[in-house]
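**Q**
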Amino acid sequence: MAALPRLLALVPLMAESHAIEFHGAGWLAQQRIMLERARSLQPTPVATKDRGTAANNDGVVPWPRLLRELRTAQQLSLVLPASSLSLALTATELLAPKLRGACFDAVLQPGATFELIRPKLTLLALLALIAWLLNISSSILFAQARWTTAMAARVRLMASVLEQEPAFFDAQPPGELNSRLLSEPERLESLANRGPERALNALLSVGGGAALMFALDWRLALVAVALRAPLIGQLAAIAGRTVGLLNVLQQRTLDQANALATEALAQPHAVAVHAARGSILDSYARRVEEYIDVIRATLLAETTLRFTRLGVDSLTSLALLGFGLRRVLDCSISLGALFAFYAYADRFADGCQKLQELLYDLVTIRPACQRYFELIDRQSRMAHTGGERPASCEGELELVDASISFPGCDADAALRHVSITVRAGETLAVVGPSGAGKSTLLKLLARLYDPSDGAVRLDGRDVRALNLEWFRRQTGYVAQQPSLFDFSVADNVRFGAAAGALPADADVQAALEAVGAADFVSRLPHGLATRLGEGGRRLSGGQRQRIACARALVHYPRILLWDEATSALDDGSERQVHAALRAAATGRKCTAVLVTHRLSSVLCADRVAVLRDGRLEAVGTPAELAGRPGWFRDNFYPGGETP
Ligand SMILES: Nc1ncnc2c1ncn2[C@@H]1O[C@H](COP(=O)(O)OP(=O)(O)OP(=O)(O)O)[C@@H](O)[C@H]1O
Ligand SMILES: [Mg+2]
């Protein structure tokens, strides 16, 4: 008996040996390499809402955090009745073998008649009927709990991800968040809702099966228990060390394949025009192949563990058969009782298997769901709640010795010690060579990033002290590459408006007219209700820019931040957008900061800021700057003329 644990302990050693060849490579050696790769995927330390609980140093979720998540995810109103029904089902199933055994013994009695066993058979039929009803009702309740939990976990994860500061998304591989959102909540829900019931059921089967076996024949029962019980813990521990870690690697390699597919499918025109179909397909096939290698290693570990258990199970059954038949020959037990005993031994084995599967799920889910916990527990560096909500906003913007370096970029900071004040109601144009930091400056003003040093102020207050939602309502931002959604034109213009303050159709129409978009929108198949396709791909570049400008204007913001918002427009359309901007600036006293490369846009501004290599080179009116040597004059007035 003592040899069994030693034998089991050899399995991981076997799995790590270099002994056997498979597919031309040492598959066990490959397994070891995979395990080492999986171990090397240590989580990056993150700021968490529950400090110290999101991930251990060994990269797995601590037990208390996992259990707390499982408790939160549980749908108790569904799970409790479902678990009670399921336990009742196990109890009926435990009764049946004893009755069946009694039927056999009754038939073997001298002078037995069918009438004698009819009541027992009727009772068995009744038990089968009850089991059928219990099975249906508990399965429906569990399925409901499962979907409710999975969807609730997805919404929670989505809420946590959307709460993160924009810089967080810069570091995410394409498609990764999406795949987490879909896969990991489902893993957790099954443990959350079925875990306790599976544990109870397994314990009832193990306890009930063992008790009834001991009641029938304690010697036989001792053999059955001693041979099977040590398997449970051993196999679960081995599974955690191998399959759990390999699941992490599986997810990582699948993410890499998905990331490539997500990027390529999001930009089919780029793939086509660069004739990149072949190279994309090759890289995708390579990544899928890597994934298959990990699957192969996981299958090896899983299959070895499963069949080890089945092998020990059948050896145990054989030992029990021999020992049991000897006991019948010795007249120590009746044949009917032996049949009943086997049924209970099966039930006991089934319970052991369920316990082992449950332990396996618990052990393997900790490394596998580590990323889910990282995401759900991550504390955003920009709090959405709290902060001041001033009663009014004048719109004076200030950068005070602001610098920013992007995470992971060893190069110089993108902006260095920039100080500038944009007075309320003023229009400032920001110009400079490509890569000078113009968009970065605008993103600081829009609070998409916070400065690494220095501060951004609105009306004299540090924007970090202001309520983020309130701040966003004061600003209308148009990005260098405007992002539209596959919504209708009207919904794209209204995008982000608070539920109680949705701009009316008339406001949407007015904003579209102001930026010269009403005409082409009226020609779309369904006018304002026309959907724009993914990223607004059904519109031209200039049309997209005008919808984005209308979106920024429709909220009547105090501050307009436009990043080359008219770069794709013809001169006439640009004049129209600038007229709208001037109307906003004068009518609504709007402060505007425009990043631009075009002289026509520069001339709309009260003052111009010139950025070079992340530093502020000069600030002044267009006429002042045109009169001074520097980047502005060299680029906009190379002949020395004045505006
Ligand atoms: N999210 C980011 N992560 C890392 N580096 C970034 C990021 N955004 C910008 N940078 C870097 O910061 C520098 C300034 O970029 P920025 O987009 O502000 O330039 P720009 O002046 O707007 O140029 P352009 O006129 O070409 O739009 C560049 O060197 C760029 O590589
Ligand atoms: Mg830019």
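Going from the sequence shown to our numbering is simple: count from 1 and add 42. Don't be surprised by glycine CBs; every beta carbon is placed ideally from N, CA and C. Owing to the predicted nature of the structure, the values given are computational and were not obtained by experimental measurement.
#1: Kindly examine ligand 1 and report whether one of its heavy atoms sits closer than 7 angstroms to the Cβ of residue 737.
#2: Beta-carbon within less than 6 angstroms of residue 88's beta-carbon, same chain only, minus the 5 sequence neighbours each way: which residues are those?
#3: Across the stretch 241-251 and the stretch 374-389, are there enough close Cβ pairs to call them in contact, namely three or more that are closer than 8 angstroms?
#4: Terminal residues of the continuous alpha helix (DSSP H) containing residue 492?
#5: Taking 7 angstroms as the cut-off, is the C-beta of residue 481 nearer than that to any heavy atom in ligand 2?
#6: Opposite residue 604 in the DSSP bridges: which residues?
#7: What distance in whole Å lies between the Cβ atoms of residue 605 and residue 520, which are believed to be in contact at a cut-off of 8 angstroms?
#8: So what's residue 557 in DSSP terms, helix, strand or just coil?
#9: Of the choices 122, 516, 159, 679, whose alpha-carbon is the least far from that of residue 235?
#10: Is residue 522 near ligand 2, in the sense that its beta carbon is under 7 angstroms from a heavy atom of that ligand?
#11: Which first and last residues belong to the alpha helix (DSSP H) in which residue 311 is found?
#12: Taking the Cβ atom as the reference point for each residue, do residue 287 and residue 580 lie within a distance shorter than 8 angstroms?
#13: Does DSSP put residue 459 in a helix, in a strand, or in coil?
#14: Distance, Cα to Cα, residue 411 vs residue 349?
#15: On the premise that residue 217 lies in contact with residue 382, defined as a C-beta separation below 8 angstroms, what is that separation, rounded to the nearest angstrom?
#16: Quick check: is any heavy atom of ligand 1 less than 7 angstroms from the C-beta of residue 349?
#17: Would you kindly work out how many angstroms separate the C-alpha atoms of residue 201 and residue 223, rounded to a whole number?
#18: Between residue 553 and the rest of its own chain, which residues show a CB-CB distance below 7 angstroms, the 5 nearest in sequence each way excluded?
#19: Helix or strand or just coil, what does DSSP make of residue 434?
#20: For ligand 1, any of its heavy atoms closer than 7 angstroms to the Cβ of residue 448?
#21: Please classify residue 54: does DSSP put it in a helix, a strand, or coil?
#22: Count Cβ pairs between the stretch 102-110 and the stretch 314-321 that sit closer than 8 angstroms; are there 3 or more?
#23: Applying the 10 Å Cβ sphere with the 16-neighbour rule, what's the burial state of residue 308?
#24: Hey, residue 296 and residue 333 are a contact pair by Cβ (cut 8 angstroms); roughly how many whole angstroms apart?
#25: How about residue 304: is its C-beta nearer than 8 angstroms to some C-beta of chain B?
#26: From this set, 242, 171, 558, which residue's C-alpha is nearest residue 126's C-alpha?
#27: Which whole runs of the alpha helix (DSSP H) in the stretch 152-235 are 4 residues long or more, in chain order?
#28: Suppose you measure from the CA of residue 469 to the CA of residue 541; what does that come to, to the nearest Å?
#29: Should residue 655 be listed as close to ligand 2, given that the test is whether its C-beta is under 7 angstroms from any heavy atom?
**A** On the basis of the data shown:
#1: Any property of residue 737 remains undetermined from this structure, which presents the chain solely from 43 to 685.
#2: Annotation note: pLDDT 44 at residue 88 (below 50); position unreliable, coordinate value reported separately. Answer for residue 88: 416, 420, listed in chain order.
#3: They touch, by the three-pair rule.
#4: For residue 492, no alpha helix (DSSP H) segment is defined, and its DSSP state is neither H nor E.
#5: The answer is yes for residue 481.
#6: DSSP output for residue 604 lists 520, 636 as bridge partner(s).
#7: The pair is a contact, with the Cβ atoms about 6 angstroms apart (cut-off 8 angstroms).
#8: In this structure, residue 557 counts as coil in the three-state DSSP scheme.
#9: Ranking the options by Cα distance to residue 235, first place goes to 122.
#10: True, at least one ligand heavy atom lies under 7 angstroms from that Cβ.
#11: Per DSSP, residue 311 belongs to the alpha helix (DSSP H) from 310-315.
#12: The answer is no: Cβ separation not under 8 angstroms.
#13: Reduced to three states, the DSSP call for residue 459 is strand.
#14: Going from the Cα of residue 411 to the Cα of residue 349 covers about 26 angstroms.
#15: Under the criterion of beta carbons closer than 8 angstroms, residue 382 and residue 217 do not qualify as touching, at roughly 55 angstroms.
#16: The answer is no for residue 349.
#17: Near 11 angstroms, if we compare the C-alpha coordinates of residue 223 and residue 201.
#18: Residues 535, 592, 595, 596 of the same chain have their beta carbon placed closer than 7 angstroms to that of residue 553, with the five preceding and five following residues left out of the count.
#19: Three-state DSSP puts residue 434 in coil, outside helix and strand.
#20: The answer is yes for residue 448.
#21: At residue 54, the pLDDT of 45 sits below 50, so the modelled position is not reliable; the number obtained from the coordinates is stated separately. Per DSSP, reduced to three states, the secondary structure at residue 54 is helical.
#22: No, the stretch 102-110 does not touch the stretch 314-321.
#23: Residue 308 is classed as exposed because its beta carbon has fewer than 16 other beta carbons within 10 Å across all chains shown.
#24: The Cβ separation is near 5 angstroms, so the contact holds.
#25: Among the protein chains of the structure shown there is no chain B, as only one such chain exists.
#26: It is 242 whose Cα lies nearest to the Cα of residue 126.
#27: Those alpha helix (DSSP H) runs which fall completely within the stretch 152-235 and span 4+ residues are 156-205, 208-212.
#28: Residue 469 and residue 541 have their C-alpha atoms roughly 31 angstroms apart.
#29: Judged by the Cβ position, residue 655 fails to qualify as a neighbour of ligand 2 at the 7 angstroms threshold, every heavy atom of the ligand being at least this far.
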